[in-house]
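What follows is a set of notes on a single structure, which appears directly below.
Number of protein chains: 2
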Amino acid sequence: MAIIVQKFGGTSVGDVERIRNVARKVKAEVEAGNRVAVVVSAMAGVTNQLVAHTRDISADADPREYDVVVSTGEQVTTGLLSLALHEIGVAARSWQGWQLPIRTDGVHAKARIEDIAADDLTAALLRGEVAVVPGFQGLSADGRITTLGRGGSDTSAVALAAALKADRCDIYTDVDGVYTTDPRIVAKARKLDKITYEEMFEMASLGAKVLQTRSVEMAMKHRVRLQVRSTFEDRPGTLVVDEDEIVEQELVSGIAYSRDEAKVTVAGLQDRPGVAGAVFGPLAEANINVDMIIQNISQDGKTANLTFTVPEGELRRALDVLETHKAGMRFERLIANADVVKVSVIGVGMRSHAGVAQRMFQALAEKGINIQAISTSEIKISVLIAEDYTELALRALHTAYGLDSDAA
Amino acid sequence: MAIIVQKFGGTSVGDVERIRNVARKVKAEVEAGNRVAVVVSAMAGVTNQLVAHTRDISADADPREYDVVVSTGEQVTTGLLSLALHEIGVAARSWQGWQLPIRTDGVHAKARIEDIAADDLTAALLRGEVAVVPGFQGLSADGRITTLGRGGSDTSAVALAAALKADRCDIYTDVDGVYTTDPRIVAKARKLDKITYEEMFEMASLGAKVLQTRSVEMAMKHRVRLQVRSTFEDRPGTLVVDEDEIVEQELVSGIAYSRDEAKVTVAGLQDRPGVAGAVFGPLAEANINVDMIIQNISQDGKTANLTFTVPEGELRRALDVLETHKAGMRFERLIANADVVKVSVIGVGMRSHAGVAQRMFQALAEKGINIQAISTSEIKISVLIAEDYTELALRALHTAYGLDSDAA
């Protein structure tokens with residue numbers, strides 16, 4: 004008998020009717036002879052409302068009490084789904100994060116799961132009961148409620164699948180799988196039947212919103228077979244698996260993009276050893292994520308320009324940090340630009356093939372798109388371009404790498 | 004340094020602004036040099052909405068999952084109030100029912116508190132922290148969330164005051180104290196400065212909604228000094244205390260009424276030994292509360308009529324039980340009437356005075372009000388009358404027992 008973990012997001016449990024629909028999907032897995040644990044999010048909108056309450060009271064809320072408030076949304080869904088299962092004759096009970104417990108570190112509002120005590124759950128599954136578990140929440144070592152940060156329910160599901168040694172973890176969502184790129188932008192985008200952990204990890208990190216990055220990282224580490232599929236349509240989704248499960252590997256599997264980027268240029272830096280450290284040290288201390296970095300020497304050879312990207316939400320803070328440390332850095336001025344987008348092509352196939360980057364640069368050049376920065380890793384190439392060109396670039400690259408579907 | 008428990012109901016924490024108001028009231032007690040624990044209800048309307056969700060899914064919800072859902076309302080308020088306290092510089096943290104724990108029996112949806120482990124709370128209070136605790140919820144012996152039933156937060160507050168050996172338990176509500184009778188009906192009703200536990204218990208049992216009966220019972224048992232006072236006006240309320248704290252005891256302290264009554268007459272019963280048992284046995288087995296009882300012998304001396312009252316909500320079920328057992332009881336017919344009200348005069352003073360009942364009967368007779376049933380105890384007299392006469396009866400009795408205020 005297989006153990007299946009099913010995870011349903013906020014839209015999938017958005018109202019009572021949808022919770023009933025989820026119950027039927029759970030029942031189908033039970034009737035197929037599986038042991039089933041279900042991870043649920045808060046009903047759509049509920050978490051936002053709870054967050055708004057805390058913000059109304061406090062701009063800088065104590066994250067421990069914030070967690071007490073926002074973790075209730077998932078608790079409600081666990082109870083309601085258990086009731087919906089009872090209604091259609093399925094034995095089920097809810098288990099809260101503190102009841103198992105789901106142990107996390109103590110970083111409230113963005114805690115990381117350390118482990119899940121699954122003995123009680125396993126016993127329940129063996130009794131033939133469906134276990135309904137809240138996503139997003141856990142328990143710190145000092146016995147307080149924690150939450151994992153937005154989108155954390157995917158991670159809860161994968162962690163639970165790992166703890167239960169589940170045969171599969173199905174992430175039900177409002178799309179029917181992982182696409183070669185955003186189908187809202189590229190009509191010829193194709194749904195992938197399979198994708199490797201590594202590719203999925205890069206896709207998620209680089210802007211694809213279908214799975215939370217941390218959940219993919221955890222699935223990769225514990226070799227949890229993940230499936231992304233639709234709550235609302237009954238067909239297979241995309242399997243996230245080991246590389247050796249994919250027989251014919253494409254050069255590029257997908258194209259991701261992230262508008263959440265801003266470019267900062269520190270202009271007129273005195274060019275001397277240690278100057279990069281003087282700039283990036285204070286940013287690192289302020290916990291600001293610096294991504295793409297380019298250093299240019301000016302024509303007179305005496306000053307340098309340092310350009311890098313930060314998440315758009317951290318731009319203001321990055322500029323403040325740089326101004327504060329201006330004396331130590333000795334630069335002339337700061338130039339900021341938030342109208343940029345990072346476009347990335349991803350594929351484990353590029354490990355063994357040359358010319359993948361060249362094809363990207365050429366495709367963009369043909370459309371007259373200027374590349375402002377480049378960064379690469381073994382399985383991805385990212386470029387920074389002007390945000391206005393997002394759609395044009397995605398379509399050009401999708402065609403250039405032969406990803407277009409025949410159908411559209 | 005005194006320990007004070009403050010309890011705020013759903014209206015008092017009905018929105019963010021009101022939660023801030025509550026925080027200021029808590030701060031005032033802290034600044035007066037007290038150690039403070041606060042018990043809070045769910046924000047007004049929230050529990051009803053959660054209950055509605057469970058009803059939408061299941062007409063006959065598993066009370067264990069129902070408790071998982073409905074207990075979240077109080078949890079949210081504990082977090083929000085803690086945040087509001089932080090905002091005005093008061094150290095505070097929330098403690099959920101399972102964190103202390105608040106131990107209850109396992110009767111979900113109407114659990115009874117068995118005890119509260121108060122060591123952690125006491126330590127927090129000694130550190131100068133305000134402890135914010137949810138009303139209404141607890142933890143069963145098998146580690147599941149329980150709730151106490153509607154209105155249970157008063158009981159939570161009193162149980163917490165008993166566990167902390169608090170100097171006082173202030174129940175903040177939307178009225179400013181306990182009145183001689185309902186001031187919406189009797190303009191001359193007076194607020195009482197003090198009332199005895201026994202009287203308060205009878206008032207609550209007999210229809211006054213200001214405190215939950217079980218909370219008064221618990222306060223009486225543990226000698227918790229209770230105060231009922233207003234969240235919205237800053238003046239002393241009504242103290243519920245031991246009899247010896249009240250110097251000049253009135254004959255009657257208050258007049259309560261309950262419209263939640265229905266009268267059942269089992270007519271044409273064969274008059275024989277054991278007939279009452281044949282009627283009330285099945286009702287008791289069905290867990291129906293029978294209150295006032297009158298037995299009449301018919302004029303021919305062969306049959307008897309048995310009349311009694313039940314809560315209006317149990318009338319339908321009571322009639323069903325009687326019909327089902329008709330063969331064993333041998334009666335001719337059932338007569339039901341829900342248009343009745345129970346009016347009660349209450350006072351420990353009546354223990355030592357004769358003629359208290361007579362004054363009641365006379366006052367009602369003077370207004371032409373027919374008494375349909377009577378029941379008495381050491382400190383109260385209740386009569387059943389037609390519901391149409393409620394207001395008239397209350398005003399007449401209020402005057403007859405000298406309770407009218409001079410002001411109005």
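Read top to bottom, the protein sequences are chains W and E. Residue numbers for the first sequence follow the numbering used here, so the first one is 4 and each next one is one higher. Residue numbers for the second sequence follow the numbering used here, so the first one is 4 and each next one is one higher. Idealized CB from N, CA, C, for every residue including glycine. Computed from a predicted structure; not experimentally measured.
If you run the structure through DSSP and keep just helix, strand and coil, what is residue i?
i: Ala411(E); result: The pLDDT assigned to Ala411(E) is 46, lower than 50, so where the model puts this residue is not dependable; a value taken from the coordinates is nonetheless given after this. In the structure shown, Ala411(E) sits in coil (DSSP, three-state: anything other than H, G, I, E or B).
i: Met4(E); result: coil
i: Glu381(E); result: coil
i: Phe139(W); result: coil
i: Gly17(W); result: coil
i: Gln99(E); result: coil
i: Asn51(E); result: helix
i: Val110(W); result: coil
i: Asp342(E); result: strand
i: Val93(W); result: coil
i: Ser156(E); result: helix
i: Arg130(W); result: coil
i: Gln375(E); result: coil
i: Ser347(W); result: strand
i: Lys10(E); result: strand
i: Arg115(W); result: coil
i: Leu387(E); result: strand
i: Arg147(E); result: coil
i: Met46(W); result: coil
i: Ala40(E); result: strand
When the distance is taken between beta carbons, is residue j closer than 8 Å to residue i?
i: Ile374(W); j: Ile388(W); result: yes
i: Leu84(E); j: Val41(E); result: yes
i: Gly13(W); j: Met46(W); result: yes
i: Glu394(W); j: Ile188(W); result: yes
i: Ile258(W); j: Thr199(W); result: no
i: Ser74(W); j: Gln140(W); result: yes
i: Gly304(E); j: Gln215(E); result: no
i: Val227(W); j: Met206(W); result: no
i: Gly17(E); j: Leu53(E); result: no
i: Ile338(E); j: Val359(E); result: no
i: Ile382(E); j: Arg354(E); result: yes
i: Gly152(E); j: Lys113(E); result: yes
i: Thr50(W); j: Tyr69(W); result: no
i: Val8(W); j: Ala126(W); result: no
i: Thr176(E); j: Ser218(E); result: no
i: Leu272(W); j: Ala321(W); result: no
i: Val133(E); j: Val29(E); result: yes
i: Glu390(W); j: Val343(W); result: yes
i: Leu103(E); j: Ile91(E); result: no
i: Gly109(W); j: Asp63(W); result: no
i: His401(W); j: Ala192(W); result: yes
i: Trp98(W); j: Val71(W); result: no
So with CB distances below 8 Å, who are the chain W contacts of residue i?
i: Val19(E); result: His56, Asp59 and Ile60
i: Gly146(E); result: Gln102
i: Leu53(E); result: Val79
Which chain E residues sit within Cβ distance under 8 Å of residue i?
i: Gly405(W); result: The contacting residues do not exist; Gly405(W) stays about 49 Å from chain E at best.
Under 7 Å Cβ-Cβ, which residues of chain W neighbour residue i?
i: Ser97(E); result: Glu68 and Val71
i: Ile486(E); result: For residue 486(E) there is no data in the structure shown, the boundaries of chain E being 4 and 411.
Quick one: list the residues of chain E neighbouring residue i, beta-carbon separation under 7 Å, in chain order.
i: Thr75(W); result: Thr75, Gln78 and Val79
i: Ala64(W); result: Leu86
message = Could you tell me which whole alpha helix (DSSP H) segments of length 4 or greater appear in the segment 171–254 of chain W?
response = 200–208 and 216–225
request  = Just list the beta strand (DSSP E) runs in the segment 251–337 of chain W, keeping only unbroken ones of 3 residues or longer that don't cross its boundaries, in chain order.
outcome  = 257–273, 296–300 and 306–314
Near-chain W residues of the segment 79–90 of chain E - C-beta to any C-beta below 8 Å = Val79, Thr81, Gly82, Leu83, Ser85, Leu86, Ala87, His89 and Glu90
query = For the segment 101–134 of chain E, which residues have a beta carbon sitting closer than 7 Å to at least one beta carbon of chain W?
reply = Trp101 and Gln102
query = If contact means a Cβ-Cβ distance below 8 Å, which residues of the segment 11–38 of chain E contact chain W?
reply = Val19, Ile22 and Arg23
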